Amino acid sequence: MAQIVLFHSALGLNDGMRRMAGVFTEAGHTVHTPDFYDGRVFDNVPDGIAYRDEVGFPALAQRASAAVEELGLEGPVYFGGFSLGAAMAQSFGKRHRQAAGAFLCHAGGAPKPTSWNGGCWLQMHYTQGDEWVDAQQAEILIDSARAAGAQASAHVYPGSAHLFGDPTAPEYSPELAQKMWGTILAAIS
Numbered sequence: 027m028a029q030i031v032l033f034h035s036a037l038g039l040n041d042g043m044r045r046m047a048g049v050f051t052e053a054g055h056t057v058h059t060p061d062f063y064d065g066r067v068f069d070n071v072p073d074g075i076a077y078r079d080e081v082g083f084p085a086l087a088q089r090a091s092a093a094v095e096e097l098g099l100e101g102p103v104y105f106g107g108f109s110l111g112a113a114m115a116q117s118f119g120k121r122h123r124q125a126a127g128a129f130l131c132h133a134g135g136a137p138k139p140t141s142w143n144g145g146c147w148l149q150m151h152y153t154q155g156d157e158w159v160d161a162q163q164a165e166i167l168i169d170s171a172r173a174a175g176a177q178a179s180a181h182v183y184p185g186s187a188h189l190f191g192d193p194t195a196p197e198y199s200p201e202l203a204q205k206m207w208g209t210i211l212a213a214i215s
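When we follow the numbering used here, the leftmost residue of the sequence shown carries the number 27, and every step to the right adds one.
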């Protein structure tokens, strides 16, 4: 089965993140969940974003990189991220030598054309009205990945929920989450 690295949202490595990781574990995959918040968890997005801003995104990205390096992953690796964590997964999809796939949930994109690892497929999952996602930047990233020769697709769901895949979030949607998990798991298999 596959090696999967999942990066948490601004809420931290909380119960919702562990339950989302369980989707992949139950499918037989080995899942790693680096905690780039060093044990801090938050009950709401504004508090999590305040912590992100306090520490600084570059420092968080360094923590994530160090955690992945420590894993010493072999073979194809799939990187997934949720909201803030999608930025980490996007970075590893672009540059990790063993990246086979990247799925960005509830976020992702690039303000201008960017490089991508042609051997790494890309999926983006977000709702049509998600205020945290810039659909134009999502298109730019998809186009960049395709230009590098990668399979890339945006999966846009109805509504405006942000963390619709997190079973502990108020905006959780079992129906949308099931569609998202099915699409991601099919690509990994």
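Glycine included, every Cβ here is placed at the ideal spot set by N, Cα and C.
It should be emphasised that the depicted structure is a prediction, and the values quoted were computed from it without experimental measurement.
Just to confirm the assignment, what range does the alpha helix (DSSP H) spanning residue 74 have? One-based indexing of the sequence shown puts residue 74 at position 48. 71-81 is the span of the alpha helix (DSSP H), which, as asked, contains residue 74.
Should residue 35 be labelled buried (16 or more other beta-carbon atoms within 10 Å of its own) or exposed? Counting from 1 along the sequence shown, the entry for residue 35 is found at position 9. Buried, because 16 or more other Cβ atoms sit within 10 Å of the Cβ of residue 35.
List the residues that DSSP assigns as beta-bridge partners of residue 30. Position 4 of the sequence shown holds residue 30. Bridge pairing for residue 30: 57, 104 [DSSP].
Residue 71 versus residue 46: straight-line alpha-carbon distance, rounded: For the purposes of this step, residue 71 is taken as residue 45 along the sequence shown, with counting starting at 1. For the purposes of this step, residue 46 is taken as residue 20 along the sequence shown, with counting starting at 1. One C-alpha to the other measures close to 17 angstroms.
Closest Cα partner of residue 121 within the set 29, 188, 169, 91: For this step, residue 121 is matched to residue 95 along the sequence shown. Comparing Cα positions, the closest option is 91.
Would you kindly report the start and end of the unbroken alpha helix (DSSP H) that includes residue 115? Here residue 115 corresponds to residue number 89 of the sequence shown, with the count starting at 1. Per DSSP, the continuous alpha helix (DSSP H) segment holding residue 115 begins and ends at 110-121.
Within the continuous alpha helix (DSSP H) that includes residue 182, where are the two ends? If you number the sequence shown from 1, residue 182 lands on position 156. It is not in any alpha helix (DSSP H) - residue 182 instead sits in the beta strand (DSSP E) that spans 178-183.
Use the C-beta contact count for residue 51: other C-beta atoms within 10 angstroms, 16 or more gives buried, fewer gives exposed. Here residue 51 corresponds to residue number 25 of the sequence shown, with the count starting at 1. Residue 51 should be labelled exposed.
Residue 149 in three-state terms, based on DSSP: Mapped onto the sequence shown, residue 149 falls at position 123. Here residue 149 carries a strand assignment [DSSP, helix/strand/coil].
So, helix, strand or coil for residue 129, using DSSP? Taking the sequence shown and counting its residues from 1, one reaches residue 129 at position 103. Strand at residue 129.
Alpha helix (DSSP H) containing residue 49: first to last residue? Position 23 of the sequence shown, counted from the first residue, corresponds to residue 49. Run containing residue 49: 41-52, per the alpha helix (DSSP H) assignment.
For residue 138, which three-state DSSP category applies? As a first step, residue 138 must be located in the sequence shown, where it is residue number 112. Reduced to three states, the DSSP call for residue 138 is coil.
C-alpha gap between residue 206 and residue 151, whole angstroms: Position 180 of the sequence shown, counting from 1, holds the residue named residue 206. Position 125 of the sequence shown, counting from 1, holds the residue named residue 151. Cα to Cα, residue 206 sits roughly 7 angstroms from residue 151.
Taking contact to mean at least 3 C-beta pairs separated by less than 8 angstroms, is the region 163-180 in contact with the region 134-153? Result yes; three or more Cβ-Cβ pairs closer than 8 angstroms.
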